[in-house]
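Worksheet: one structure, shown below.
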Amino acid sequence: MENIRNAGFDELLAMCGGCLSCATCHVYVEQLPSSANLPVSSIDETELLEGSDYRRENSRLSCQIPFDETLSGIVIGIAPED
Ligand code: FES
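Just so you know, we're using the UniProt record's numbering here: the sequence shown kicks off at 1 and counts up by one.
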């Protein structure tokens, strides 16, 4: 989430600053590098995503994806605002 915001994508509101309470950091993981694994969604993340009209199978809350070099090349899309 911070990388997206730091890159200037203001469409990603991330209103709670990563406290897992707003779901305004909703993204679609479109492509994942072959060596990368995302952490499994927590129950809280899943519950927040269930409240979105735009949830897809590849939905994640970007604030819950810790970034490291294995994610270099990840392709994401920003979900529409609910
Ligand atoms: S920034 Fe609020 S849930 Fe991710």
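Think of the CB as a built atom: it goes at the ideal place given N, C-alpha and C, for glycine as much as any other residue.
What do you reckon, is the C-beta of residue i under 8 Å from a heavy atom of the ligand FES?
i   : result
Q64 : yes
Q38 : Reading the sequence as shown, one finds Leu at residue 38 and not Gln. No - the ligand FES has no heavy atom lying nearer than 8 Å to the Cβ of L38.
T46 : no
L61 : yes
A7  : no
S52 : no
S21 : yes
G17 : yes
Since residue i contacts residue j with CB under 8 Å, what's their CB separation in whole angstroms?
i   : j   : result
S41 : R60 : 7 Å
L13 : E45 : Not quite, the Cβ-Cβ distance comes to about 17 Å (not below 8 Å), so this is no contact.
I74 : P33 : 6 Å
Quick check: what's the CA-CA separation for residue i versus residue j?
i   : j   : result
E57 : S72 : 22 Å
V27 : E2  : 13 Å
S62 : Q31 : 14 Å
G77 : V29 : 7 Å
S35 : G18 : 25 Å
S52 : A79 : 10 Å
Once DSSP output is grouped into helix, strand and coil, what is the label at residue i?
i   : result
E11 : coil
N48 : Going by the sequence as given, residue 48 is Leu instead of Asn. Looking at L48 - three-state DSSP - the assignment turns out to be helix.
Legend entry - Contact between the region 47-57 and the region 1-12 (3+ Cβ pairs under 8 Å): Of all C-beta pairs linking the region 47-57 to the region 1-12, fewer than three are shorter than 8 Å, placing the two stretches out of contact.
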